[in-house]
Structure formats: C-alpha cells, structure tokens
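**Q** Chains as they are written, first to last, in the numbering used here: chain A, 105 to 183; chain V, 105 to 183. Starting off with a structure, shown below.
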C-alpha cells in the first residue's frame, strides 16, 4: 500500500489525495484535489485500469469544481 | 455567503471545509474534515436545520474515516 501511495503521489496534476475508508460499506476511496479537470479524468482512466487488472471493479467517481474564495475562509487546503 | 463561511469557520471541531459546486447537477456541497465523527454529526444536524429554515432540503451526507499514514504519503492535508 505504501508503494501504491508513493506512485500516486507522482501522478501528473495531483495536488493531494486523502485516503478514505467506510467500514460499514466495505468500501475504500479517496478525495483528490487536481490542478485541472483534465488531469483528474486522466488519472481516473489510469487508476480504473490499474485496479481492474487486480480484479477491483465498480469504481465510482464524481467530479466537483471548487469555490476557492469561500473555501479559503474555512481554511480549505488549496494551493 | 462570506458571512456564512465566517460562521462555519468557527464551528466546533471543524478543521477545514472545501466548498464544492457541480453546475451540471445544479448542486452545491462541501468536503469537510472534522476532528471527530461526533463533531461531524453535530455539525450536520445544525447545518441541515439552518438550511431547512431557508427552504433548502434534500441534503445528502456521507461519512468517511481517514487513513492518515497513506494520506500523508500523497500530501493529504491533515492536521
């Protein structure tokens, strides 16, 4: 898992990833901040393919834009 | 909106909030980091009530635990 995280840390356009877990739902996931929507979509394609090769399917992804001015007031961790 | 953000910034147990928007879905939301699950649930109750008073209903919320060691490798913004 550490090696996977070190690999993800090098992905183009990734600012940060928080790794999340939901024991109740038996799901693992993440919250990612990317420099652009295009970088996020490229990462998703790569990551889904990588997980598919080890038998992990059914990945769900949603994309959101960030309201930076409002986020800064609430200490949102943006670059 | 600025006043709302300044109020939210003072909420007990809130580490940060990123304000999110999805134009395609006509939805607004946020990603929050709290010091504890209890603080997150208390915030949700207060926030849902506040939004309900101005006619905003149908709030969706999900909770996730954070894998801190993995997140730190990918620059996850944890305290």
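We put the CB at the ideal spot given by N, CA and C, even for glycine. This structure is a prediction, so every number in the text was calculated from the model and none was measured.
By how many angstroms is the C-alpha of residue 183/V removed from the C-alpha of residue 111/A?
**A** Position 7 of the first chain, counting from 1, holds the residue named residue 111/A. Position 79 of the second chain, counting from 1, holds the residue named residue 183/V. Straight-line Cα distance between these residues: approximately 23 angstroms.
**Q** When burial is assigned at 16 or more other CB atoms within 10 Å of the CB, is residue 177/A buried or exposed?
**A** Here residue 177/A refers to the residue found at position 73 of the first chain. When all chains shown are included, residue 177/A counts as buried.
**Q** Run down chain A in chain order and give the residues with a C-beta less than 9 angstroms from the C-beta of residue 142/V.
**A** Position 38 of the second chain, counted from the first residue, corresponds to residue 142/V. Neighbours of residue 142/V on chain A: none; closest Cβ ~16 angstroms, over 9 angstroms.
**Q** Could you tell me whether the region 148-159 of chain A touches the region 116-126 of chain A, using the rule of 3 or more Cβ pairs below 8 angstroms?
**A** No, they do not touch.
**Q** Does any residue of chain V bring its CB to less than 7 angstroms from the CB of residue 111/A?
**A** Your numbering for residue 111/A matches position 7 in the first chain. With 7 angstroms as the cut-off, residue 111/A does not count as an interface residue toward chain V.
**Q** DSSP beta-bridge partners for residue 132/V?
**A** Start at 1 with the first residue of the second chain, and residue 132/V comes out as number 28. Answer is 125/V, bridged to residue 132/V.
**Q** Do you know offhand how far residue 105/V's Cα is from residue 174/A's?
**A** In the second chain, residue 105/V corresponds to position 1, counting from 1. In the first chain, residue 174/A corresponds to position 70, counting from 1. Rounded to the nearest angstrom, the two C-alpha atoms are 8 angstroms apart.
**Q** Taking 7 angstroms as the threshold (beta carbon to beta carbon), is residue 170/A in contact with chain V?
**A** Working through the first chain from its first residue, we reach residue 170/A at position 66. Closer than 7 angstroms to some Cβ of chain V, the Cβ of residue 170/A qualifies, so yes.
**Q** Does chain V have any CB closer than 7 angstroms to the CB of residue 157/A?
**A** One-based indexing of the first chain puts residue 157/A at position 53. Judged by the 7 angstroms Cβ criterion, residue 157/A is not in contact with chain V.
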